[in-house]
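Residue numbers (my numbering), protein chains in the order written: chain A, 1 to 210; chain B, 211 to 420.
We put the beta carbon where it would ideally sit given N, CA and C, even for glycine.
What follows is a short report on a single structure.
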DNA sequence: CTTAATTTGTAACATCTGTTACATTGTTAT
DNA sequence: ATAACAATGTAACAGATGTTACAAATTAAG
C-alpha cells in the first residue's frame, strides 16, 4: 500500500506524511457499482483515490439522479472534505464507476494534519479548488448545453475514465445519470449514430470521435 | 472600521486577528451595480462582506450570463478564496447587488493567517463549505426546476437580499440573470401576477408571497 | 424449448421554452 | 409639446424535450 501511495501522492506529500497516512489509513478495494457515500451520511473518513473512478451524483426531491462529475486517481471528494471538516451530512452520492482502490483517512487526523503539514493544507485547498472548478463545469454543461451535446460529452467522459472507447451501459442508465427519459436518450443516440459519432449495440456503445 | 469588523466577524475571530485585519485590510464602499470581480481577473485581495449583497454570475461562450447565487454580510467569495490560494484566474463575475461595504484583505496575509490563526483556518474551510452548498443549490435550481419556479425563486431571493418586497428590475435584466429571453420572462411574470403571487409595475415588481 | 423479462426502436402527441414581430404605454431629452 | 427611447404586452410560430404507447429483438429463467 505504501508503494501505491507514493506513486499517486508522493509528489504532493513528504515522506513523513506518507508514512502517517500509511499508518492510520485503511486500504479499500471496491467493485464497480459499489456505493461509497450516500446522501445524508455522516462521513467518518475521507477517501483518497488510488486507482479507478468514482461517479458523483446529486438527487432531486423525487429521488431522481443527476451526474455532477467523475473523480479519478489523485482526486479526493471535496464534498466529503467539506462534510468532514464541517461535521455535516453528505449532500451527494458517490458510486464506484469502475473497480476502485482507495485509502480511507480517519477524519480526526485530517484536522491535525492541516496544522502539522503545509503540504496537506495545500492538498486540501487545492482539492477544494479543483472540485469547485468541476462543479462550475457541471453548471455550464447543465445550463448552457442542449441534451444532445450533454449526452455526447457524457459518453466521452465515461469512455475517458473507463479507458475504453466502448462503454457498457443501457439507454435507461444514461437517462438516469442525465436526469431525462429513456426515449429521449434513444432518440438522440440514434442521431449520433447516423452522424457517425458512435456505434450502438445492445448494452454497449462505441465512441468513434473521442 | 474596526467597529463594523467586530460586529460582523467578532464572533468568528479573536481580537488579535481582528486587529491584524484592521491594519492590513482596506475598507471599500461600492455602489449598486459596481463590478467587483471580472472573469479572468487575477485576484490580489479577498473581499469580506460587511454589509450589502453581491451577485455571483457565470458566463457562457457567447458572453451571456447566469446567476449562481447571492452573497450577504459575513460571507466571502470562495471562488475568490480558491483563486487567491491557487494563484488562478477568476471563473466568475461578482457585481454589487446593493450598495455594499467590504474589507479587502491582501492575498499574502491569507496564507500566513492560515497557519497562524486556527479561527481563520476554520473560516476559510467553512466558507468553502458554504459556497459548495450554495453551488449545489444552484445546480438543483437549474437542473430540477422549470423556468416559472426558477423565476419565482429568483424574485424571492432578490427581495430577501434587498430587504424589500419591492424589487427594482426590468424584465430584460431578469432574463439576463436567468439566461433566457425577455419574452419568456414577461410571459411567466404575467402568469405569476394572475396567480396573485406578484404585482407588476414599470421597473419594479412587488412580491406578495415571500 | 417456452415463457418472461430486458433492451431498443419508433410514432404520435403534449408541453415548455425560445424567436420574431409588432403594438402600446410610460419616460426622457430637446 | 414632440420626438426618441425604454419597457411591457401579446400573438404566432419553431424547436427541444417529455410522455405514452406499443412493437421488435435479444437475453435470461424455468
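* Which one of A:208, A:74, A:182 and A:204 has the shortest CA to CA distance from residue 194 of chain A? -> A:208
* Asked: Is it the case that the Cβ atoms of residue 255 of chain B and residue 334 of chain B are separated by a distance below 7 Å?
  -> no
* To do: Please state if the CB of residue 175 of chain A and the CB of residue 68 of chain A are separated by a distance shorter than 7 Å.
  => no
* Given residue 28 of chain A, which residues of its chain have a CB within under 6 Å of its CB, disregarding the five upstream and five downstream residues? -> 102 and 104
* Would you kindly work out how many angstroms separate the C-alpha atoms of residue 136 of chain A and residue 412 of chain B, rounded to a whole number? => 34 Å
* Could you tell me the distance, in whole angstroms, from the CA atom of residue 415 of chain B to the CA atom of residue 356 of chain B? => 20 Å
* **Cβ neighbours of residue 274 of chain B in the same chain (closer than 7 Å, five flanking residues each side left out)** => 389
* Fully enclosed by the region 256-329 of chain B, which alpha helix (DSSP H) runs are 4 residues long or longer? -> 288-296 and 317-326
* **chain B contact residues for residue 45 of chain A, given Cβ-Cβ distances below 9 Å** => Within 9 Å Cβ-Cβ: nothing; residue 45 of chain A doesn't reach chain B, min ~17 Å.
* Asked: Quick one: what's residue 414 of chain B bridged to in DSSP?
  -> B:378 and B:411
* Asked: Is there a Cβ from chain B that is less than 7 Å from the Cβ of residue 10 of chain A?
  -> no
* Asked: Thinking C-alpha only, which one of A:128, A:98 and A:133 is nearest residue 79 of chain A?
  -> A:128
* Following the continuous alpha helix (DSSP H) through residue 26 of chain A, name the residue where it begins and the one where it ends. => No alpha helix (DSSP H) holds residue 26 of chain A; the beta strand (DSSP E) holding it covers 26-30.
* Is there at least one Cβ from chain A nearer than 7 Å to residue 338 of chain B's Cβ? -> yes
* Can you tell me whether DSSP reads residue 210 of chain A as helix, strand or coil? -> coil
* Just mark residue 406 of chain B as buried or exposed, buried being the case when its beta carbon has 16 or more other beta carbons within 10 Å. => exposed
* Do you know how far the Cα of residue 152 of chain A is from the Cα of residue 352 of chain B? -> 20 Å
* To do: Report yes or no: is there a C-beta of chain B within less than 7 Å of the C-beta of residue 123 of chain A?
  => no
* **Supposed close pair residue 324 of chain B, residue 121 of chain A - CB separation, criterion 8 Å** => 7 Å
* **Sheet register partners of residue 211 of chain A (DSSP bridge)** => Chain A is shown only over 1 to 210; residue 211 of chain A falls outside these bounds and no answer can be derived.
* **CB contact below 7 Å: residue 296 of chain B versus chain A** => yes
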